[in-house]
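Enquirer:
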Amino acid sequence: MAPRKEQEIFRATLGLLVERGYEGLTVEGVAERSGVNKTTIYRWWPSKAALLAAALIEADALAVDPPDTGSLRGDLEALVREISALLTESPSAEIAVAALGAAVHQPELAEATRHFFADRLAREQEVFERARRRGELREDADPMLIMDLLGGAVWLRAVFRGLPLGDDFAAEAVRTVLDGAA
């Protein structure tokens, strides 16, 4: 499938998720909105859960590129700013909240969100590999734990508490994780 057409399908999928929730998301609706025949969609994705999983991972709206600032601290601050933007700017904020909310009650969507987070961590691995090569990170440091602490702080502050993320939030969160609070 052509990349442009695939992105149109993903935009339609994520737009319907935000507008109608997971229950209201249908392959027929995606086909209508994207101008693609539903049999074509089913040829590439066997279910709406598979389609949504692909959209969460591959959609341009949710794209995150691992930064390379030259330091672990700089890379992590950039990642926190990217996660912050993802959770506070439209349309990605609405998509993330809708997907997370629906995943609580839909096992197939919970699997899709697990794939989303696994894909993100896989993309972020190079940040940690470079940091180890530069001697900035212990060999036994757990990248998933580091990203869970940082990403979780953004989710909790921005989404669940509804508080703004100040200009110094990324630097302070990274400083606390890397240096501790004492």
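Residue numbers (my numbering): 6 to 187. Backbone N, C-alpha and C fix where the C-beta goes; we use that ideal spot for every residue, glycine too.
1. Whose C-alpha, out of Arg16, Asp153, Ser89, is nearest the C-alpha of Ala123?
2. Output the distance between the C-alpha atoms of Pro148 and Phe133, rounded to the nearest integer angstrom.
3. Pop quiz: Thr118 and Ala163 are said to be a contact at Cβ under 8 Å. What is the actual Cβ separation, rounded to whole angstroms?
4. Whole angstroms are fine: how far does the CA of Gln111 sit from the CA of Ile100?
5. Taking Ala108 as part of the alpha helix (DSSP H), name the residues at either end of that continuous run.
6. Starting from the Cα of Glu177, find the closest Cα among Ala136, Ala107, Thr45, Gly79 and give me that residue.
7. Go to Trp49, then tell me how far its alpha helix (DSSP H) extends in each direction, as first and last residue.
8. Closer than 6 Å by C-beta to Ala136: which residues in its own chain qualify, once you throw out the five before and the five after it? Chain order, please.
9. Nearest-angstrom Cα distance between Thr31 and Ile151?
10. Only counting the same chain, and skipping five residues up and downstream in sequence, which positions put a Cβ closer than 6 Å to that of Gly156?
11. Give the straight-line distance between the Cα atoms of Phe15 and Ala187, rounded to the nearest whole angstrom.
12. Mind checking whether Val195 and Val159 have CB atoms under 8 Å apart?
13. Could you have a look at Gln130 and say whether DSSP puts it in helix, strand or coil?
14. Is the CB-CB distance between Glu13 and Ser39 below 8 Å?
15. Can you grab the Cα-Cα spacing for the pair Leu168 / Val102, in whole Å?
16. Give me the Cβ distance between Ile46 and Ala59, rounded to the nearest whole Å; I'm assuming they're in contact under 8 Å.
17. Please list, in chain order, all residues of the same chain as Glu3 whose beta carbon is under 8 Å from its beta carbon, the five residues on each side excluded.
18. With DSSP collapsed to three states, give me the class of Gln111.
Expert: Working from what's here:
1. Asp153
2. 7 Å
3. With 8 Å as the limit, Thr118 and Ala163 do not qualify as a contact, their Cβ atoms being about 17 Å apart.
4. Here the alpha carbons of Gln111 and Ile100 stand approximately 16 Å from one another.
5. 97-108
6. Gly79
7. 43-49
8. Leu77, Leu142
9. Looking at the two C-alpha atoms, the distance is approximately 36 Å.
10. Same-chain partners within the cutoff: Ile88.
11. Here the C-alpha atom of Phe15 lies approximately 45 Å from the C-alpha atom of Ala187.
12. Residue 195 lies beyond the range of the chain shown here (6 to 187); nothing can be said about it.
13. helix
14. Yes, the pair counts as a contact, with Cβ atoms nearer than the cut-off.
15. 15 Å
16. Not confirmed; about 10 Å, so no contact.
17. What is shown of the chain runs 6 to 187, which leaves residue 3 out entirely.
18. coil
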